[in-house]
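2 protein chains.
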Amino acid sequence: MSSTNISNNSGSAPNVPEVVIQRLPLYVRALTQFAGSGDDVISSEQLGQRLQMTPAQIRKDLSYFGRFGKQGRGYSVASLEQRLRSILGLDRAWNTMVIGMGRLGRAVVSYPGFAPEGFNIVAAFDADDSIVGETVSGLDIQSISDLAKTVKEKDIKIGIVTVPIERAQEVIDTLVDAGIKSILNYAPLSPKVPEGVTVRGIDPVLSLQSMTYYIS
Amino acid sequence: MSSTNISNNSGSAPNVPEVVIQRLPLYVRALTQFAGSGDDVISSEQLGQRLQMTPAQIRKDLSYFGRFGKQGRGYSVASLEQRLRSILGLDRAWNTMVIGMGRLGRAVVSYPGFAPEGFNIVAAFDADDSIVGETVSGLDIQSISDLAKTVKEKDIKIGIVTVPIERAQEVIDTLVDAGIKSILNYAPLSPKVPEGVTVRGIDPVLSLQSMTYYIS
DNA sequence: GTGCGTGTGTGCTTTGTATCACAAACGCCA
DNA sequence: TGGCGTTTGTGATACAAAGCACACACGCAC
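Same order as they appear, the protein sequences are chains A and B. Using the working numbering, the first residue of the first sequence is number 1, and each one after it goes up by one. Using the working numbering, the first residue of the second sequence is number 1001, and each one after it goes up by one.
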């Protein structure tokens, strides 16, 4: 799933495993939370305890990107957080859009957790002409035929798909055609996308279905 | 995270990797979808194409649990689906509860995707006394102090946590004390739970944050 | 300045997972 | 009934990730 990690400015690193990338936001979050509580230096041991993982793994992960700690001390909380945010591209805001304005899509658009993290939802789309033009949380619902144009105009980099499963692949193809490289997919399928496009699925039912195995 | 896979009836298998368990629901879903479309036999090749994975991996995964296919033919769609559902415990219904009746909790309770898959939400809780007694989607909001009793009375096996981050660990501790072994956590933290308890997190922000890395 | 305690960064080992490749099973057809 | 094309199930192999353990850096105290 995706790679194409070409040249970049200073802090770029080659061939970082995808699992590592997925853990970095965890570190960022833990550091942010830790920043409130007094100490301005943190050790991999402390971080590991908070995140339920081994200190060695944290140090290994960080070492893909540089040497951020000081021996005998640990990591500067503020500085490490800043560095990680920069690596992940979280030191800027990202324009996103939501496609599918049914029940789920409306909940996503109204969800107050995205904006504070720098993900601004700046457009909303639906295929159903009868609701195009309605306003949801301050956003006009647009027709999907406007999508490519709006993506360009508003410099949208991320698509959030909340359409029913039957339309999901088709909508995702549309996003890909519009040049979108990052898709958050709420529809319960494993969509086909070309190399270089990253899709992450949000699927509570799948999670539940794999847990029941352990309840004997 | 979790294991304790003790004796079971016939189809039980020892030491199955967690990743494999997490893929089984994907197979179930693909089989269900495939069942509609004519053919009643499917090969690992076809399944793999649909799920974007190698046929070998699918066969390996299935081989942990038995021999379900016929050489030269493939797998009976209906029968394989049934076997997998049985292995995962999806051939029965599960009672679940939602803790935290804020915006997110209400959305979860109203979400129509759980019941058809056998996950029935039969109780709703909140810590805020001022909303205890209200009705949401036909469920009375109960006080968390009733939780342990209700879990027992209604034979609830799964808890869905939708409280704010500050209360999440505390609520999860309460669930664990009440004997819950499976938790679906919407709060943005990595909770600490004892061995034998399975937690799966739903966190769209984390997913977004790891995707931005690839948008250079 | 020197010595000591602490915690990083990392080569090496171990563990875990995915893939390969082929023997054995099956169905079909002549 | 026997041979052929197909697809499974699985040991062996290759690859990837996690963990270990220690040399080395740093800060502090005296």
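Just so you know, even glycine gets a beta-carbon here, dropped at the ideal spot from N, CA and C.
Residue i, enclosing alpha helix (DSSP H) - first and last residue
{"i": "L90/A", "result": "No alpha helix (DSSP H) contains L90/A, which DSSP labels as neither H nor E."}
{"i": "L184/A", "result": "L184/A -> not in any alpha helix (DSSP H); beta strand (DSSP E) instead, spanning S182 to N185."}
{"i": "G48/A", "result": "S44 to L51"}
{"i": "G1074/B", "result": "No alpha helix (DSSP H) holds G1074/B; the beta strand (DSSP E) holding it covers G1074 to S1076."}
CA-to-CA distance, residue j to residue i, given in whole angstroms
{"i": "L1062/B", "j": "V1077/B", "result": "13 Å"}
{"i": "K157/A", "j": "A93/A", "result": "10 Å"}
{"i": "I1144/B", "j": "A127/A", "result": "42 Å"}
{"i": "L1080/B", "j": "R1073/B", "result": "13 Å"}
{"i": "A1109/B", "j": "D1203/B", "result": "A small fix is needed here, since residue 1109/B is Val in this sequence, not Ala. One C-alpha to the other measures close to 17 Å."}
{"i": "L90/A", "j": "P191/A", "result": "26 Å"}
{"i": "E134/A", "j": "D140/A", "result": "6 Å"}
{"i": "R1023/B", "j": "V193/A", "result": "19 Å"}
{"i": "V16/A", "j": "E1153/B", "result": "49 Å"}
{"i": "P116/A", "j": "L184/A", "result": "18 Å"}
{"i": "R83/A", "j": "D40/A", "result": "15 Å"}
{"i": "F1125/B", "j": "Q209/A", "result": "23 Å"}
{"i": "K1181/B", "j": "G1196/B", "result": "7 Å"}
{"i": "P1164/B", "j": "Y75/A", "result": "28 Å"}
{"i": "F114/A", "j": "V161/A", "result": "15 Å"}
{"i": "T32/A", "j": "R85/A", "result": "11 Å"}
{"i": "P14/A", "j": "A1030/B", "result": "35 Å"}
{"i": "Q49/A", "j": "D1173/B", "result": "17 Å"}
{"i": "V1019/B", "j": "L1088/B", "result": "13 Å"}
{"i": "Q217/A", "j": "G36/A", "result": "Nothing about residue 217/A can be reported from this structure: the residues present for chain A run from 1 to 216 only."}
{"i": "Y213/A", "j": "L206/A", "result": "12 Å"}
{"i": "Q142/A", "j": "T150/A", "result": "9 Å"}
{"i": "L1026/B", "j": "S1044/B", "result": "13 Å"}
{"i": "T1096/B", "j": "A107/A", "result": "22 Å"}
Coil, strand or helix - residue i by DSSP
{"i": "Q1209/B", "result": "helix"}
{"i": "F65/A", "result": "coil"}
{"i": "S216/A", "result": "coil"}
{"i": "V193/A", "result": "coil"}
{"i": "S1143/B", "result": "strand"}
{"i": "V16/A", "result": "coil"}
{"i": "T174/A", "result": "helix"}
{"i": "T1096/B", "result": "strand"}
{"i": "N1005/B", "result": "At N1005/B the pLDDT is 25, less than 50, meaning the model places this residue with poor confidence and gives no usable figure here."}
For residue i, the first and last residue of its enclosing beta strand (DSSP E)
{"i": "R1200/B", "result": "T1198 to G1201"}
{"i": "D159/A", "result": "The question names Asp, but residue 159/A is Gly in the sequence shown. Run containing G159/A: I158 to V161, per the beta strand (DSSP E) assignment."}
Near-chain A residues of the region 1058 to 1084 of chain B - C-beta to any C-beta below 9 Å: none
Along the region 1025 to 1043 of chain B, where does the CB come closer than 9 Å to a CB of chain A? Name the residues. Taking 9 Å as the Cβ-Cβ cut-off against chain A, the residues of the region 1025 to 1043 of chain B that qualify are P1025, L1026, V1028, R1029, A1030 and Q1033.
Segments of 3+ residues assigned as beta strand (DSSP E) that fall wholly inside the region 1103 to 1140 of chain B: With a minimum length of 3 residues, the unbroken runs of beta strand (DSSP E) contained wholly in the region 1103 to 1140 of chain B fall at 1119 to 1126.
Output needed in chain order: residues of the region 165 to 186 of chain A with a Cβ under 7 Å from some Cβ in chain B. K181, S182 and L184
Of the residues that make up the region 187 to 212 of chain A, which ones have a beta carbon closer than 7 Å to any beta carbon in chain B? P188, S190, K192, T198, R200, I202, P204, V205, L206, S207, L208, Q209, S210, M211 and T212
Residues of the region 1097 to 1120 of chain B whose Cβ lies closer than 7 Å to any Cβ of chain A, in chain order: Against chain A - using a Cβ distance shorter than 7 Å - the residues of the region 1097 to 1120 of chain B are A1107, G1113, F1114, E1117 and F1119.
Please identify, using Cβ separations under 9 Å, the residues of the region 146 to 166 of chain A that lie next to chain B, in order along the chain. Look at the region 146 to 166 of chain A: the residues with a C-beta under 9 Å from a C-beta of chain B are K157, I158, I160 and I165.
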